[in-house]
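In my numbering, the protein residues as written are 29 to 313.
For glycine and all other residues, C-beta sits at the position ideal for the given N, C-alpha and C.
Set out below in structure tokens:
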């Protein structure tokens, strides 16, 4: 990666997101300040909360195709450009994994863009290797982003509800086992979607380096929950607390040679706040 810096066909994107409450009673993203303090040379900043999100009652929801295309174009993403994404730390629930980078990776693939990868180990690993960093902000020349959505890579609550008991769809909860079982406090109803299997996204990353686990170990974990079985076109839908950590599982499955998977964007922030939608406590039988 170091030797590719300055390549005109490379779009390097910092997707760091530090989400916290603001004075207006909503949430803000301090990720840009983190990026400005130091980033990989040549990287531009992508604001997942303000620019690549649909304003809704839930934290991270897919924007319209038009809004996404405009934001991606401003980042310099366009035809024949290789995009590499990294971040400078995950969420409170998944701190080691590059989940913000994975979220943007998934969004780009949902919009039909395949020339995209996530930098293994992210910024932390880059700095640990003594590679160069730069302060300030950078911009790329704008491009026209060619949006061609793949609806199968995203799921809404209606699709998840229809998937319960459907052998043609596999539901996978990407949260911790405690959250899955409903044994820890949450700001919403506890439990998991009935029939969902559990694969904690944190277990697919090396906690020391932040890099993904070796392919064989990812395949073992995915096979255990059934995500490598795409017989008869079975669809896998990952979900988590807010539609972020689940994208790490989708990325991990793709990196391990598995089939494309969907992410339930609203995840538990939406599902658990809808009283009519079912939840189950404890493990699955």
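Limits of the unbroken alpha helix (DSSP H) element including residue i
| i | result |
| --- | --- |
| residue 63 | 59 to 65 |
| residue 110 | Note, residue 110: premise wrong, no alpha helix (DSSP H); beta strand (DSSP E) at 110 to 114. |
| residue 243 | 243 to 253 |
| residue 275 | 273 to 283 |
Proximal residues to residue i (C-beta, below 6 Å), its chain only, five neighbours per side dropped
| i | result |
| --- | --- |
| residue 147 | 112, 114 |
| residue 100 | 173 |
Element boundaries [beta strand (DSSP E), containing residue i]
| i | result |
| --- | --- |
| residue 199 | 197 to 201 |
| residue 144 | 144 to 146 |
Cβ-based burial, residue i [other Cβ within 10 Å; buried from 16]
| i | result |
| --- | --- |
| residue 310 | exposed |
| residue 31 | With a pLDDT of 47 at residue 31, under the threshold of 50, the predicted position of this residue should be treated as unreliable, though the coordinate-derived value follows. Burial call: exposed. |
| residue 244 | exposed |
| residue 294 | buried |
| residue 92 | exposed |
| residue 264 | buried |
| residue 167 | exposed |
| residue 82 | exposed |
| residue 228 | buried |
| residue 248 | exposed |
8 Å CB neighbourhood of residue i in its chain, flanking five on each side removed
| i | result |
| --- | --- |
| residue 150 | 114, 115, 116, 117, 126, 129, 238 |
| residue 299 | 185, 188, 221, 267, 292, 305, 307 |
| residue 302 | 185 |
Where residue i falls: helix, strand or coil (DSSP)
| i | result |
| --- | --- |
| residue 31 | For residue 31, the pLDDT reaches just 47, beneath the cut-off of 50, and the residue's location in the model is therefore unreliable, leaving the point undetermined. |
| residue 96 | helix |
| residue 185 | helix |
| residue 68 | coil |
| residue 160 | coil |
| residue 240 | strand |
Proximity test, Cβ basis, 8 Å: residue i and chain D
| i | result |
| --- | --- |
| residue 300 | Structure shown: chain D not included; a single protein chain is present. |
Sequence-distant residues of the same chain with beta carbon closer than 7 Å to residue i, five excluded per side
| i | result |
| --- | --- |
| residue 62 | 44, 46, 116 |
At least three beta-carbon pairs within less than 8 Å, the region 79 to 95 to the region 269 to 289: By the Cβ criterion, the region 79 to 95 is in contact with the region 269 to 289, since at least three pairs of Cβ atoms, one from each stretch, lie closer than 8 Å.
Cβ contact (3+ pairs, closer than 8 Å) linking the region 130 to 142 and the region 196 to 206: no
The region 207 to 224 in contact with the region 298 to 312 per 3-pair CB rule at 8 Å: Look at the beta carbons and you see the region 207 to 224 touching the region 298 to 312: at least three pairs across the two are nearer than 8 Å.
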